[in-house]
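One structure below.
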Amino acid sequence: MSRADRISSSEWERNKEHIRSLYLDQDKSLDDLVTSMAEQHGFHASRAQYIRKLGTWNIKKYSSKDNWKRADGLIRKRKVDGKDTEIVMNGKLVSAKKLKKELGRYAWQQPYGQQPSNEHPRNAQAQLLSICNPSAVEDSLAGWLATSQEFRT
Numbered sequence: 001m002s003r004a005d006r007i008s009s010s011e012w013e014r015n016k017e018h019i020r021s022l023y024l025d026q027d028k029s030l031d032d033l034v035t036s037m038a039e040q041h042g043f044h045a046s047r048a049q050y051i052r053k054l055g056t057w058n059i060k061k062y063s064s065k066d067n068w069k070r071a072d073g074l075i076r077k078r079k080v081d082g083k084d085t086e087i088v089m090n091g092k093l094v095s096a097k098k099l100k101k102e103l104g105r106y107a108w109q110q111p112y113g114q115q116p117s118n119e120h121p122r123n124a125q126a127q128l129l130s131i132c133n134p135s136a137v138e139d140s141l142a143g144w145l146a147t148s149q150e151f152r153t
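In the UniProt record's numbering, the protein residues as written are 1 to 153.
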């Protein structure tokens, strides 16, 4: 397989909106995107070049578990405040059906065997970690290093 030619940044930028539209709005696969851009716009780039450029532009079709958990936290917080929420993820409005499915899959859930509480999930996480000023962390680490066998001089 031969190495693809380098494509200038200005040429990528000229085609960015076409690429984004085909990939996200028209839901083309990466291979279909490569073919469509070559046929419709005369833009010839390798699959690897598209992968790299889409990553650089932060254009993604799918969201991570962390994004859905973050969305769940925001929705819960706004619900407590009495506000309705619509989520836009990766530049697209998330339908109620998809939101329900993804939050059911990834959102905070009560661990098995524990009694449900009225506590907000963020408060539950706060119990698992401690937040300190940097100087307090340094003092804590210094004390640990002084008592640790491996770091004694």
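Heads up, the beta-carbon is just placed ideally off N, CA and C, and yes, glycines get one too. Note that the structure is a prediction, hence the values are computed from the model and not measured.
Using DSSP's beta-bridge definition, name the partner residues of residue i.
i	result
Lys92	Met89
What's the gap between the Cα of residue i and the Cα of residue j?
i	j	result
Ala136	Lys79	Note on Ala136: pLDDT 42, under 50, position unreliable in the model; the coordinate value appears next. Roughly 35 Å separates the two Cα atoms.
Ala45	Gln26	19 Å
Leu103	Arg20	26 Å
Trp108	Phe43	44 Å
Glu13	Lys101	35 Å
Ser8	Lys83	46 Å
Arg6	Arg47	13 Å
Leu128	Thr85	Any reading at Leu128 needs caution, since the residue's pLDDT is 29, under 50, leaving its predicted position unreliable; the model's value is listed next. Whole-angstrom Cα-Cα distance: 28 Å.
Look at the Cβ atom of residue i, then the Cβ atom of residue j, and state whether they are nearer than 7 Å.
i	j	result
Gln49	Ala4	yes
Lys60	Asn90	yes
Within 10 Å of its beta-carbon, does residue i have 16 or more other beta-carbons around it, so buried, or fewer, so exposed?
i	result
Glu57	The sequence shown places Trp at residue 57, rather than the Glu named in the question. Looking at its Cβ environment, which holds fewer than 16 other Cβ atoms inside 10 Å, Trp57 is exposed.
Ser29	exposed
Ala96	exposed
Asp72	buried
Leu33	buried
Val94	buried
Ile51	exposed
Ser130	Legend: pLDDT at Ser130 = 27, less than 50; position of this residue unreliable, value from coordinates given subsequently. Under this definition Ser130 is an exposed residue.
Whose C-alpha, out of the options, is nearest the C-alpha of residue i?
i	options	result
Glu11	Glu86, Gly104 and Lys53	Lys53
residue 190	Arg105, Glu13, His18 and Ile7	It is not possible to answer for residue 190, since the shown part of the chain is limited to 1 through 153.
Tyr23	Lys100, Lys98, Lys92 and Lys101	Lys92
Ser63	Lys77, Ile7, Lys98 and Arg76	Lys98
Quick check: does the Cβ of residue i come within less than 6 Å of any heavy atom belonging to the ligand MG?
i	result
Val94	Absent from the structure shown: the ligand MG. Ligands present: none.
Report yes or no: is there a C-beta of chain C within less than 7 Å of the C-beta of residue i?
i	result
Leu74	In the structure shown, chain C cannot be found, because there is only a single protein chain.
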